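Visitor:
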Amino acid sequence: MHSSSYCASQLSGLPSDPPLDKGHIPWFGHAREFGKDPAKFLSKMKQKHGDIFTIRVAGKFITILLDPCSYDAVLWESNSKLDFGKYARILMERMFDVKLPNFEPSDEKAMLRLTLQNKNLSSLTKAMFFNLKTLLLSDQNQQWQEGGLFYLSYSTMLRAGYLTLYGNEEENYDDPSSQDKDRAHSSEVYNEFYKLDRFLMRAARSMLTTVEQKEVARIKERLWKLLSVERLNCKANKSSWLESYKKHLEELGVDEDMQSRAMLLQLWVTQGNAGPAVFWLLLFLLNHPAAMAAVQGELEKVLGHRRQTMKQMHGISQEILDNTPIFDSVLKEALRLTAAPFITREVLEDASLRLADGREYSLRKGDRLCLFPYLSPQMDAEIYEDPEKFKYDRFLNPDGTEKNDFYKRGTRLKHYNLPWGAGINTCIGKFHAINSIKQFVFLLLSCFDLELKHPGSGIPEFDKERYGFGILQPEGDIMVRYKLKAS
Ligand code: HEM
Numbered sequence: 212m213h214s215s216s217y218c219a220s221q222l223s224g225l226p227s228d229p230p231l232d233k234g235h236i237p238w239f240g241h242a243r244e245f246g247k248d249p250a251k252f253l254s255k256m257k258q259k260h261g262d263i264f265t266i267r268v269a270g271k272f273i274t275i276l277l278d279p280c281s282y283d284a285v286l287w288e289s290n291s292k293l294d295f296g297k298y299a300r301i302l303m304e305r306m307f308d309v310k311l312p313n314f315e316p317s318d319e320k321a322m323l324r325l326t327l328q329n330k331n332l333s334s335l336t337k338a339m340f341f342n343l344k345t346l347l348l349s350d351q352n353q354q355w356q357e358g359g360l361f362y363l364s365y366s367t368m369l370r371a372g373y374l375t376l377y378g379n380e381e382e383n384y385d386d387p388s389s390q391d392k393d394r395a396h397s398s399e400v401y402n403e404f405y406k407l408d409r410f411l412m413r414a415a416r417s418m419l420t421t422v423e424q425k426e427v428a429r430i431k432e433r434l435w436k437l438l439s440v441e442r443l444n445c446k447a448n449k450s451s452w453l454e455s456y457k458k459h460l461e462e463l464g465v466d467e468d469m470q471s472r473a474m475l476l477q478l479w480v481t482q483g484n485a486g487p488a489v490f491w492l493l494l495f496l497l498n499h500p501a502a503m504a505a506v507q508g509e510l511e512k513v514l515g516h517r518r519q520t521m522k523q524m525h526g527i528s529q530e531i532l533d534n535t536p537i538f539d540s541v542l543k544e545a546l547r548l549t550a551a552p553f554i555t556r557e558v559l560e561d562a563s564l565r566l567a568d569g570r571e572y573s574l575r576k577g578d579r580l581c582l583f584p585y586l587s588p589q590m591d592a593e594i595y596e597d598p599e600k601f602k603y604d605r606f607l608n609p610d611g612t613e614k615n616d617f618y619k620r621g622t623r624l625k626h627y628n629l630p631w632g633a634g635i636n637t638c639i640g641k642f643h644a645i646n647s648i649k650q651f652v653f654l655l656l657s658c659f660d661l662e663l664k665h666p667g668s669g670i671p672e673f674d675k676e677r678y679g680f681g682i683l684q685p686e687g688d689i690m691v692r693y694k695l696k697a698s
């Protein structure tokens with residue numbers, strides 16, 4: 212049983228229960244408030260109880276830990292005590308109808324990590340550059356065009372990222388007819404995926420109405436066809452990531468139907484974050500002229516005359532991509548403000564958790580443990596001055612090198628910004644994601660004039676449903692104008 216009598220045991224040196232807040236409604240507890248705006252609710256609880264507490268949400272007790280100095284105690288704990296696979300399996304099934312026999316996320320991650328890093332990274336970077344050019348530069352129209360910045364960012368990143376990992380319709384990137392096919396097919400995939408994306412958060416929380424469930428089932432059917440084994444087998448330029456994942460599914464003995472479902476799950480995992488991240492980054496730049504000027508100046512320095520000939524280029528070298536400290540700071544700052552995943556563990560056996568300051572708390576079998584780095588470190592006023600403000604040079608030292616010393620209560624932090632997760636929950640596509648984001652933004656800023664249609668309209672609200680699942684999305688889109696520069 213959960214009780215609130217934790218003080219006595221803390222004084223006696225034994226682990227104590229974290230402060231418990233059950234809420235007033237039996238069983239449901241805080242479900243409503245938590246579901247409506249998790250960030251607001253958890254920061255209210257933090258003010259009331261401090262950086263560790265337990266809440267009741269729809270019958271489940273969830274211990275929330277918000278002390279970044281103590282995150283390592285959870286991130287490196289053994290899987291037999293704090294399990295990260297169980298909740299992942301629940302979500303896979305609820306969101307994507309995927310059930311894999313003997314699914315072990317850590318084994319899968321270890322196997323796929325290499326396909327996205329080291330020598331495979333340079334092939335991915337090259338392929339991404341070609342695919343971005345196919346989408347952005349084929350239309351030579353030099354008139355001003357208008358559109359939503361979120362749509363521009365998400366659709367371009369997802370389509371190019373999809374073509375890069377899942378392959379092209381034909382082998383030759385430069386062939387206009389094969390480019391046409393890639394544009395048409397990737398657009399169909401994006402349009403269907405975006406329809407699904409709007410329902411996914413509520414599917415994860417089992418909150419879809421019967422009508423919505425039917426609609427979601429229809430969208431998934433169409434996506435499963437687009438990603439079917441038969442179709443993927445016909446593709447050219449498939450990445451080693453795709454080949455390895457397919458082999459892995461075959462080795463698990465999964466039938467073709469389940470393979471396409473898993474391919475859709477992976478489309479979300481690999482393409483759901485980078486597009487929204489690019490949206491926020493570009494929006495912050497468009498709203499902060501000094502930041503935009505600094506980034507443009509840096510691009511001029513590293514790319515020089517190549518900016519004018521980007522259309523003829525075959526890629527941007529890793530050396531150039533690694534040599535943009537101002538852009539790196541902008542990206543870190545944009546992600547600090549908008550990356551809000553939960554890091555979740557199921558408590559498999561009664562255990563104790565020792566925090567960095569020596570306090571020790573008990574964790575109960577059957578409860579869930581959750582870290583929310585968005586609240587701390589990312590939005591923590593003790594670590595970042597004016598944490599809600601975008602400051603493009605926050606991660607730069609005065610001499611232009613990367614700033615990586617951040618402190619809380621005098622202690623230098625190892626984890627001061629966690630958009631990519633940490634420990635076993637680290638993103639294995641991070642380097643590919645960063646290269647892809649850079650290539651898109653560098654192409655866009657070099658080859659296009661881009662401006663807000665309504666300057667001064669500010670930054671839109673977050674869609675609060677998205678807290679807990681990665682990069683946030685805006686409530687509505689922001690209109691921009693863009694025009695291909697004369698070459
Ligand atoms: C801005 C872009 C991105 C961000 C912020 C991001 C963030 C994350 C985070 C926080 C996780 C850990 C999830 C967890 O274990 O709880 C993760 C996992 C992962 N990411 Fe990324 N990611 C991004 C882009 C990408 C891209 C482009 C790829 C593609 C190749 C990718 C591939 C993966 C994979 C395969 C996993 C493992 C998923 C799993 O554990 O099942 N990510 N990402």
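For my numbering, count along the sequence shown from 1 and bump the result up by 211.
Every residue, glycine too, gets a C-beta built ideally from N, C-alpha and C.
Quantities reported herein were computed from a predicted structural model and do not represent experimental measurements.
1) Ignoring anything shorter than 3 residues or poking outside the segment 430-489, list the beta strand (DSSP E) runs there in chain order.
2) Measuring only the C-alpha atoms, how far is residue 440 from residue 543?
3) Looking only at C-alpha atoms, which of 613, 595, 520 sits nearest to residue 344?
4) Using a threshold of 6 Å, is the CB atom of residue 170 nearer than that to any non-hydrogen atom of the ligand HEM?
5) Our contact map puts residue 233 next to residue 240 with C-beta atoms below 8 Å; I'd like the distance itself, whole angstroms only.
6) Got a sec, what are the start and stop residues for the alpha helix (DSSP H) residue 299 sits in?
7) Using only the alpha-carbon positions, how far apart do residue 628 and residue 654 sit?
8) Name the two residues that bound the continuous beta strand (DSSP E) containing residue 359.
9) Excluding five sequence neighbours on each side, which residues of the same chain lie with their C-beta closer than 6 Å to the C-beta of residue 495?
10) Put residue 572 into one of helix, strand or coil per three-state DSSP.
11) Is residue 421 helix, strand or coil by DSSP?
12) Could you name the residues that DSSP lists as bridge partners for residue 618?
13) Check whether the segment 351-363 and the segment 682-696 touch, using three or more Cβ-Cβ pairs below 8 Å as the test.
14) I'd like the span of the beta strand (DSSP E) that includes residue 271, first residue to last.
15) CA-CA distance, residue 562 and residue 262?
16) Buried or exposed: which applies to residue 235, given that a residue is buried once 16 or more other Cβ atoms fall within 10 Å of its Cβ?
17) Here's the rule I'm using: 16 or more other beta-carbon atoms within 10 Å means buried, otherwise exposed. How should residue 486 be labelled?
18) Reducing DSSP to helix, strand and coil, say where residue 563 ends up.
19) What three-state label does DSSP hand residue 707 in the structure shown?
20) Quick check on the burial criterion: 16 or more other C-beta atoms within 10 angstroms. Buried or exposed for residue 504?
21) Can you have a look at residue 618 and say buried or exposed, based on whether 16 or more other CB atoms are within 10 angstroms of its CB?
22) If you follow the beta strand (DSSP E) that residue 581 is part of, which residue opens it and which one closes it?
23) When the Cα atoms are used, what is the spatial distance from residue 153 to residue 451?
24) Whose CA, out of 638, 387, 287, lies closest to the CA of residue 680?
25) Could you pull the DSSP bridge partners for residue 264 from this structure?
26) Do three or more CB pairs link the segment 311-319 to the segment 416-434 at distances below 8 Å?
27) Taking DSSP as the reference, what is the three-state secondary structure of residue 317?
28) To test your reading of the DSSP string, which unbroken beta strand (DSSP E) runs of 3 or more residues are found completely within the segment 666-698?
29) Any idea if residue 375 is buried or exposed, counting beta-carbon neighbours within 10 angstroms, 16 or more meaning buried?
30) In chain order, what residues of the same chain have a beta carbon less than 7 Å from the beta carbon of residue 577, not counting five sequence neighbours either side?
31) Have a look at 412, 257, 516, 438 and flag the residue whose alpha-carbon is nearest the alpha-carbon of residue 305.
32) Answer with buried or exposed for residue 649, where buried requires no fewer than 16 other C-beta atoms within 10 angstroms of its C-beta.
33) Determine the extent of the alpha helix (DSSP H) in which residue 514 is found, giving its start and end residues.
34) Just to check my reading of the structure: residue 407 and residue 427 have Cβ atoms closer than 8 Å, yes? What is that Cβ distance to the nearest angstrom?
35) For residue 366, which option in 337, 396, 383, 548 has the closest C-alpha, if you only look at C-alpha atoms?
36) Mind checking who residue 379 pairs with in its DSSP beta bridge?
Guide: Let me lay it out:
1) Runs of the beta strand (DSSP E) inside the segment 430-489: none found.
2) 37 Å
3) 520
4) As shown, the chain starts at 212 and ends at 698. That puts residue 170 outside it, with no answer to give.
5) Cβ-Cβ separation between residue 233 and residue 240: approximately 5 Å, consistent with a contact (criterion under 8 Å).
6) It spans 296-307 - the alpha helix (DSSP H) in which residue 299 sits, taken as one unbroken run.
7) One alpha carbon belongs to residue 628, the other to residue 654, and they sit about 27 Å apart.
8) Residues 356-359.
9) The answer, listed in chain order, is 545, 601.
10) strand
11) helix
12) 623
13) yes
14) Residue range 271-276 is occupied by the beta strand (DSSP E) that includes residue 271.
15) 19 Å
16) exposed
17) It is buried - the Cβ of residue 486 has at least 16 other Cβ atoms within 10 Å.
18) Looking at residue 563 - three-state DSSP - the assignment turns out to be strand.
19) Residue numbering for the chain in the displayed model covers 212 to 698; residue 707 lies beyond these limits and cannot be assessed.
20) exposed
21) With fewer than 16 Cβ atoms within 10 Å of its Cβ, residue 618 is classed as exposed.
22) 579-582
23) Any property of residue 153 remains undetermined from this structure, which presents the chain solely from 212 to 698.
24) Looking from the CA of residue 680, the closest CA among 638, 387, 287 belongs to 638.
25) The partner list for residue 264 (beta bridge, DSSP) reads 275.
26) no
27) helix
28) 690-695
29) Taking all protein chains shown into account, residue 375 has 16 or more neighbouring C-beta atoms within 10 Å of its C-beta and is therefore buried.
30) 558
31) Per the Cα distances, 412.
32) buried
33) Per DSSP, residue 514 belongs to the alpha helix (DSSP H) from 500-514.
34) 7 Å
35) 396
36) 447
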